[in-house]
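The block underneath contains the structure these notes are about, expressed in structure tokens.
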Amino acid sequence: MDAPRIRPPRDPAAPLAGAIIVVGVAGGIAAYKACELVRLLTKAGAQVHVCMTRRAQKFVGPMTFQALTGHPVFTELFSLTEEATIGHIQLADRADLMIIAPATANAIARLAAGMSDDAVTTVALACTAPLLIAPSMNVNMWAHPLTRANVTRLTEVAGARVVGPDAGFLACRWTGPGRLAEPADIVEAAARILAPQDLAGKRVLVTAGPTHEAIDPARYLGNRSTGKMGYALAAAAARRGAEVVLVSGPVALEPPLGVEVIAVEDARAMRAAIDARVLAQDLIVMAAAVADFRPVAPSDRKLKRTEIGYTPTIALDSNPDILGEIGQARKARGAARPVLVGFAAETHDVVDYARAKLASKAVDMIVANDVTEAGAGFGTDTNRVVLVEPGGDTAIPAGTKAAVAHRILDRAVALL
Ligand code: PMT
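See below:
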């Protein structure tokens, strides 16, 4: 017998890289979406092996999966050729994770009954790696008490994790829950299973995006933040097991999977949302670009050009320094929690200004962000930052905002 595989610690920024993932495809119309799932898993660096039920092959051919994965597809229990290349027990033994997508009502029922009468249930029963199921079926089949009981049995007895189903218009013409989760969400659910859970049990609040300070119902003062950095931080914290609240200014981004999003418009609403939660948090990371000023007297009617003249003046008032208030209040309490991480968006003397903010806001870390640098700052998918702490500075190499978010959280985990 082979020695058990030693599983190296995984980088939370790329937890699927090098992982061996078995994807079991059951016979439902959503089987075609498993192709995209397999492509995304492969793109994320995983070594993917596919097994299929006979019914699944009515919807998609094994050749497609073989081409996508570069590995033979396991379809028959008693195939001499398939067992000669890689036996199903060997496949089950080597897996870091098994995903069943789509998991039909029938496949879920047979798994819950401990049956192993096709390629998918056989590998699943022999597999000791975590199991992730992505159900897909008709609304009423999903709501049926027997399906509910089977899913509960899989989660409670076998420790399976479930992603989806999503609600929407289904192939059976019904509308409601039953649609296979989006392949990208299944990949993220898989990443969360394999990533280190070093923020498990921790509450993390992240702020993101700009604030819009009203001039009148049609106009506002704002800035160039798109929320990408803050959303990446929220997704990264959720991947590492945290319970995440994201207080977000107006942005055009999808909420990260499993993150509670509180949408706010202006700085005072952002402060109210944070104040109501601050004491419950273990960590607060403020990536939002909060406007420092707001119009003193926003109009409740759209201002007419004829009313405001050709060289209008807008009187401004100062907004609260939310992070500074939280930091100073924590200092006054003599408390170490929540750990506070701020950002500093600067155009010159970046690290010097960040260090000044570290002291004036009484926080644990400032992420210094030169917003004039190409590929960094506002709106980009990448960033390059320096972590400024009382004990010294750490330059984080340029990378995607997701990768940079994980490097920021590595330090925050150490501070926790
Ligand atoms: O959203 P993206 O397009 O991805 O862009 C990312 C980003 C450039 C916005 C982000 O990386 C960043 O640098 N965010 C901080 C922007 C900012 O407002 O910096 P600041 O130096 O003005 O503020 C310092 C800190 O105090 C920040 O943590 C800020 O959230 C906070 N602050 C600022 C003003 C204010 N009135 N209240 C605050 O709490």
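Sequential numbering from 3 applies to the sequence shown in the numbering used here.
Think of the CB as a built atom: it goes at the ideal place given N, C-alpha and C, for glycine as much as any other residue.
Would you mind stating whether V423 and L418 have Cβ atoms separated by less than 8 Å?
Only positions 3 to 418 of the chain appear in this structure, which leaves residue 423 out of reach.
Nearest residue (CA-CA) to A216, options L235, D294, S301 and R273:
S301
Measure how close the beta-carbons of E348 and D372 come, nearest whole angstrom, since I'm counting them as under 8 Å.
6 Å
For A94, the first and last residue of its enclosing alpha helix (DSSP H):
H90 to R96
Grab the span of the beta strand (DSSP E) containing V141 for me, first residue to last.
Run containing V141: none in the beta strand (DSSP E); it sits in the alpha helix (DSSP H), V141 to A145.
How many angstroms separate the CA atom of G229 from the CA atom of A290?
7 Å
Excluding sequence positions up to five away, which residues of its chain have a Cβ less than 7 Å from the Cβ of A278?
none
Measuring only the C-alpha atoms, how far is A293 from H214?
8 Å
Meets three-Cβ-pair contact criterion under 8 Å: the stretch 55-75 and the stretch 24-39
yes
To which residues does DSSP link T384 through a beta bridge?
T402
Would you say the beta carbon of P258 is closer than 7 Å to some non-hydrogen atom of the ligand PMT?
no
P17 and L235 - do their beta-carbons sit closer together than 8 Å?
no
Quick check on DSSP: helix, strand or coil for Q49?
strand
Would you check if there are 3 or more beta carbon pairs closer than 8 Å linking the stretch 175-185 to the stretch 123-142?
yes
Out of D268, R205, A220 and A244, point me to the one whose CA is closest to A282's CA.
R205
Taking a contact to mean a Cβ-Cβ separation below 8 Å, would you say T374 touches K403 in this structure?
no
Check whether the Cβ atoms of G161 and A202 lie closer than 8 Å to each other.
no
How many angstroms separate the CA atom of N142 from the CA atom of G377?
49 Å
Is A299 helix, strand or coil by DSSP?
coil
Can you find a C-beta in chain C that's less than 8 Å from the C-beta of K359?
The chain labelled as chain C is not found in the depicted structure, where only one protein chain is given.
Just to check my reading of the structure: G381 and R226 have Cβ atoms closer than 8 Å, yes? What is that Cβ distance to the nearest angstrom?
6 Å
On the CB-based measure, 16 or more other CB atoms within 10 Å of its CB, does M65 come out buried or exposed?
exposed
Unbroken beta strand (DSSP E) runs of length 3 or more, entirely within the stretch 189-269: which are they?
205-210, 215-218, 221-223, 245-250 and 262-265
Our contact map puts V266 next to G251 with C-beta atoms below 8 Å; I'd like the distance itself, whole angstroms only.
6 Å
With 16 other CB atoms within 10 Å as the buried threshold, where does Y312 fall?
exposed
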